[in-house]
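S.K.:
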Amino acid sequence: MDLFRSTILVCGGTGCTSSGSPKLYERFAQLLAEKGLDKEVKLVKTGCFGLCAAGPVVIVYPEGAFYSGIKVEDVDEIVEEHLVKGRIVTKLLYKGSTHEGTTEIKPLDEIGFYEKQKRVALRNCGVIDPENIDEYIAFDGYKALAKVLTEMTREEVVDCISKSGLRGRGGAGFPTGTKWKFAMGSTGKKYVCCNADEGDPGAFMDRSVLEGDPHAVLEAMAIAGYAIGSDQGYIYVRAEYPIAVKRLEIAISQAREYGLLGKNIFGTDFSFDIDIRLGAGAFVCGEETALMHSIEGGRGEPRVRPPFPAVKGLFGKPTILNNVETYANICQIILKGADWFASMGTERSKGTKVFALGGKIVNSGLVEVPMGTTLREIIYDIGGGCPNGKKFKAVQTGGPSGGCLPASMLDTPIDYDNLIAAGSMMGSGGMIVMDEDNCMVDIARFFLDFTVSESCGKCTPCRIGTRRMLEILNRICEGNGEDGDIERLENLAANISKSALCALGQTAPNPVLSTLKHFRHEYEAHIYEKRCPAGVCHKLLNFEIDPAKCKGCTLCARNCPVGAISGKVREAHVIDAKKCIKCGACMEKCKFGAISKK
Amino acid sequence: MLVNSQEKYAELDKVIAANKGQGGAVMRTLQAAQDIFGHVPMDVQIKIAEGLDSTLAEVYGVATFYSQFALEPAGEYRIGVCLGTACYVKGSKDVLEKVCQVLDTQVGKTSKDGLFTIKDTRCLGACGLAPVMMINDDVYGRLVPDDIPGILDKYRH
């Protein structure tokens, strides 16, 4: 094996790829070859580092120099200065990656963004080359599979997972060990499935695991296969994730080549193989029975449970289905023990959870923290708070099934039960921060719009009920809200929650209920005062010209499509509120910032 | 991509033969057909139904259930403006409106010159760059509506 004096890690996650990291990789490769450094310096394309906001990100070891926001031109300087002359290019370093007032590099886990994190599911993301099985093996890869196949009985494996307290990371939080135990009890052909149909808007942790550490999922699925007695696995992954699909395909073929998937793994009589099935853009397929219908090639519609998949699942056979992040924890639990895992977290939610921080936040990206960390720690200590000095208003967790929590709940320790008690839910871990410029009625309307278009149409409460709710929200946002609309929403919400067939419908009213609970005054302002406090709902806004700033250039009047603006040249203009259709064209055209909306 | 339509149909026959009798055949065949033709027109659906011993109702049911399948040909450039939550709270609706305004068409429709098809997409998972738009495989992040005309101009011949 070649020895390298330095290693360059270039982030190849989706965020950094979009901000141009493939070009950086090419330029590094080209320069290293030109300067004859390619035998001394190793270049690795890794999975996601998590700090997507500062992308594209490059780390150079052994120094651990954390370069952020790198452009192609910067690559030349890094190669010339850092790799040839041995001088770290301090001006390109991520702010906060050096000890204060010095140029001395801090270890990665002491940088503010990473300090409070504990990476279990993401441990290899941004560390290894996901397209190289040898690197995974060097980081204890496939050791857990070897351990269960050669040292543990099936019962011991299931016991270990049960004792660890691991609960499903896809949203519902069902105990993983219990699920496996149900399936273990059945006989005959069985299937192990992986739910990689990450549909919650604003959640991308599964994508990052698949892109950064695909073998961890394969290994865990094989362990599950051994535990329940199955020889076939399926990964159902969104077609919108091309990089993840490609890396999974590479990982599966490498694992087959090494004999880590296929017949008689590690010389035992255990055989297991995995195939990929692509989704085709239907949110409801994240629901387990719908997902299985989709793998079977039909319309991804859910069905009534019981029978549960552990009894009657894919192709009518007993099946377990776990989420990507759930699988990403399995190997570590086997290697380090159930007690180690159970030592992290809260009483009823063990281990860590990955959150995708997004929206109005400085450090958007992926963070993994022990359960029980408070929302405030995640949003302020790790996420850096709202940018541009804006005031925090709410954080949305749990995607379209979750809810919006206000500032007064920031000190809630996050776990499955606390979030449900607060009127939201864990969901898959999306965490969208909103500031004073976001209208909570509009956000509720946004989620209902999502649910209405993603409802599969099989059951009436979801198909028609959510549509009625959306109609009410639309008219509230358009200034036509009526007395009694809030009560109508609450009534519909209660009935849909009780009567919908699957979780999609049952939880669809949550965004409305939680905003009604915490931001009822905003609904009331829309309905009774015909006013949008955040200034988002166009129809409720009034455009006004500030006479002190208006120069009388007539540009606004000439661009108004309905002739609502009048005034003489070089004199302040006026908008006739009755004629104004609130299109915003005047505000867009004004060169003096004289027009505002209120 | 195959240009000659005869070659395309020959390729479709091969895909049908390979998937026949397999679990999950309808969806996988439709996905392959969309790769071959760019969309799945009615005659292709009929061929799949017959080839797999399925029914047109079944094939059409699957093709219309999933948003990925296009029944009509799309423009040369597929614009997808992300309306995931992270992008939405950072103003992607204004970006989408601007795209529609500049191209003088609506979401789901193709511009009059046949060049661009506009879609509002689900979360693309690039939330760190919100708001995000994709044109075919190119990703544009941290957008404001004023960026749109310049970006679209790059694709006009």
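Chains A and B supply the protein sequences, listed in that same order. Note that the numbering used here gives residue 356 to position 354 of the first sequence, counting from 1, and the numbers run on in steps of one. Note that the numbering used here gives residue 332 to position 89 of the second sequence, counting from 1, and the numbers run on in steps of one. C-beta atoms are modelled at their ideal positions from N, C-alpha and C, and glycine is treated no differently. Only a predicted model underlies this, so the values are computations on that prediction, with no experimental measurement involved.
For the segment 346-362 of chain B, list every residue whose C-beta sits within 7 Å of some C-beta in chain A, in sequence order.
M.R.: For the segment 346-362 of chain B, which is checked against every Cβ of chain A, not one residue is closer than 7 Å.
S.K.: On a Cα-Cα basis, can you pick out the residue from A:218, A:457, A:47 and A:595 that is closest to residue 303 of chain A?
M.R.: Comparing Cα-Cα distances from residue 303 of chain A to each of A:218, A:457, A:47 and A:595, the minimum goes to A:457.
S.K.: Can you tell me the Cα-Cα spacing of residue 358 of chain B and residue 323 of chain B, whole angstroms?
M.R.: In a straight line, the C-alpha of residue 358 of chain B is about 14 Å away from that of residue 323 of chain B.
S.K.: On a Cα-Cα basis, can you pick out the residue from A:68, A:164 and A:362 that is closest to residue 438 of chain A?
M.R.: For the residues A:68, A:164 and A:362, the minimum Cα distance to residue 438 of chain A belongs to A:362.
S.K.: By the 10 Å Cβ neighbour count, where 16 or more other Cβ atoms means buried, how is residue 119 of chain A classified, buried or exposed?
M.R.: Answer is buried; the Cβ neighbour count reaches 16.
S.K.: At which residue ranges does the segment 400-485 of chain A contain complete alpha helix (DSSP H) runs of 4 or more residues, listed in the order of the chain?
M.R.: Here the runs fully enclosed are 418-423, 442-456 and 468-479.
S.K.: Along the segment 300-312 of chain B, where does the CB come closer than 7 Å to a CB of chain A? Name the residues.
M.R.: Hits within the stretch, in order: 304, 305, 308, 309, 310, 311 and 312.
S.K.: Kindly provide the ranges of any alpha helix (DSSP H) runs that are 4 or more residues long and lie completely inside the segment 258-344 of chain A, ordered along the chain.
M.R.: DSSP runs (the alpha helix (DSSP H)) wholly in the segment 258-344 of chain A: 290-297, 326-338 and 340-344.
S.K.: Taking residue 367 of chain A and residue 53 of chain A to be in contact with their CB atoms under 8 Å, please state how far apart those CB atoms are, rounded to whole angstroms.
M.R.: That pair is a contact at about 5 Å.
S.K.: Which residues, in order along the segment 297-316 of chain A, keep a beta-carbon less than 9 Å from a beta-carbon of chain B?
M.R.: So the list reads 297, 298, 299, 300, 301, 302, 303 and 316, given in the order they occur along the chain.
S.K.: Give me the subset of the segment 496-513 of chain A whose CB atoms are less than 7 Å from a CB atom of chain B, sorted by chain position.
M.R.: Cβ contacts with chain B: none found.
S.K.: Would residue 236 of chain A be called buried (16 or more neighbouring beta carbons within 10 Å of its own) or exposed?
M.R.: Looking at its Cβ environment, which holds 16 or more other Cβ atoms inside 10 Å, residue 236 of chain A is buried.
S.K.: Can you find a CB in chain B that lies within less than 8 Å of the CB of residue 96 of chain A?
M.R.: No, because no Cβ of chain B sits closer than 8 Å to the Cβ of residue 96 of chain A.
S.K.: Step through the CB atoms of chain B and report whether any lies within less than 8 Å of the CB of residue 484 of chain A.
M.R.: Closer than 8 Å: no.
S.K.: Under three-state DSSP, which class holds residue 186 of chain A?
M.R.: Residue 186 of chain A: helix per DSSP, three-state reduction.
S.K.: To which residues of the same chain is residue 360 of chain A closer than 8 Å at the C-beta, ignoring the five residues directly before and after it?
M.R.: Only 204, 366, 432, 433, 434 and 435 meet the Cβ criterion.
S.K.: Starting from residue 19 of chain A, follow its DSSP beta bridges and name the residues at the other end.
M.R.: BP columns for residue 19 of chain A are empty, so no partner.
S.K.: Name the chain A residues whose beta carbon is nearer than 7 Å to that of residue 298 of chain B?
M.R.: The contacting residues do not exist; residue 298 of chain B stays about 12 Å from chain A at best.
S.K.: Does the distance from the C-beta atom of residue 200 of chain A to that of residue 430 of chain A stay below 8 Å?
M.R.: Their beta carbons are under 8 Å apart, which means residue 200 of chain A touches residue 430 of chain A by this criterion.
S.K.: For a test of the three-state rule: what should DSSP assign to residue 511 of chain A, helix, strand or coil?
M.R.: The answer is coil: DSSP assigns residue 511 of chain A none of H, G, I, E or B.
S.K.: Name, going along the chain, the residues of the segment 50-74 of chain A whose beta-carbon falls closer than 7 Å to a beta-carbon of chain B.
M.R.: So the close ones are 54, 55 and 57.
S.K.: For a contact defined as C-beta to C-beta under 9 Å, what are the partners of residue 333 of chain B on chain A?
M.R.: The answer, in chain order, is 360, 361 and 362.
S.K.: Using 8 Å as the limit for Cβ to Cβ distance, is residue 343 of chain B near chain A?
M.R.: It does not; no Cβ of chain A falls within 8 Å.
S.K.: List the residues of chain B whose Cβ lies closer than 9 Å to the Cβ of residue 398 of chain A, in chain order.
M.R.: Chain B residues near residue 398 of chain A: 328 and 332.
S.K.: Report all residues from its chain with a CB closer than 8 Å to the CB of residue 270 of chain A; omit the five preceding and five following residues, and keep chain order.
M.R.: Here the set comprises 151 and 152.
S.K.: Just curious, the alpha helix (DSSP H) that residue 160 of chain A is in, first and last residue?
M.R.: That run of the alpha helix (DSSP H) goes 156-166.
S.K.: Pick out whichever of B:369, B:370 and B:352 has its Cα sitting closest to the Cα of residue 363 of chain B.
M.R.: Closest by alpha carbon: B:352.
S.K.: Under 8 Å between C-beta atoms, does residue 1 of chain A make it to chain B?
M.R.: The shown model of chain A, from 3 to 600, leaves out residue 1 of chain A, and the question about it has no answer.
S.K.: Rounded to whole angstroms, what is the Cα-Cα separation between residue 57 of chain A and residue 244 of chain A?
M.R.: Their Cα atoms are separated by approximately 20 Å.
S.K.: Taking all protein chains shown into account, do 16 or more other C-beta atoms lie within 10 angstroms of the C-beta of residue 314 of chain B, making it buried, or fewer, making it exposed?
M.R.: So residue 314 of chain B counts as exposed.
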